[in-house]
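Structure first, then comments.
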Amino acid sequence: MNKNYEPPIHWNDYEDIAMALYEKFGDDFTESKIYRIRFTELLEWVLSIPNFEGTREQANEGHLEQIQAAWVYEWRDNQD
Numbered sequence: 001m002n003k004n005y006e007p008p009i010h011w012n013d014y015e016d017i018a019m020a021l022y023e024k025f026g027d028d029f030t031e032s033k034i035y036r037i038r039f040t041e042l043l044e045w046v047l048s049i050p051n052f053e054g055t056r057e058q059a060n061e062g063h064l065e066q067i068q069a070a071w072v073y074e075w076r077d078n079q080d
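One point on numbering: in the UniProt record's numbering, the residue at position 55 of the sequence shown is 55, and numbering is uninterrupted.
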């Protein structure tokens, strides 16, 4: 079995998406900055996650809001 295999990520995998965004941007985005990201920008970043399998057409505001909230929690968890 390939240990490098990453399972696919879909729109409702908010925590996985948040972890990928945090790994990509680190502490460049604080809580307030995360909540100010335009959904159009956030959508592009999510679609660029290597093992993300959702489509642009499946995206909706609810998904993007959940991703922002999960990203904030991920950021907070890494501030200790």
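Even glycine gets a Cβ: it sits at the ideal position worked out from N, Cα and C. Owing to the predicted nature of the structure, the values given are computational and were not obtained by experimental measurement.
Report the three-state DSSP secondary structure of M1 (helix, strand or coil).
Reliability of the predicted coordinates at M1 is poor, the pLDDT of 49 falling under 50, and the value obtained from them is presented with this limitation in mind. If DSSP states are grouped into helix, strand and coil, M1 belongs with coil.
Count the other CB atoms within 10 Å of the CB of Y22; is the residue buried (16 or more) or exposed (fewer)?
buried
Tell me the rounded alpha-carbon separation between L42 and P50.
15 Å
To the nearest angstrom, how far is it from the Cα of M1 to the Cα of P8?
Any answer about M1 is weak, because its pLDDT of 49 lies below 50 and its placement is not dependable; what the coordinates show is given next. M1 and P8: Cα-Cα distance of roughly 16 Å.
To the nearest angstrom, how far is it from the Cα of Q79 to the Cα of Y73?
10 Å
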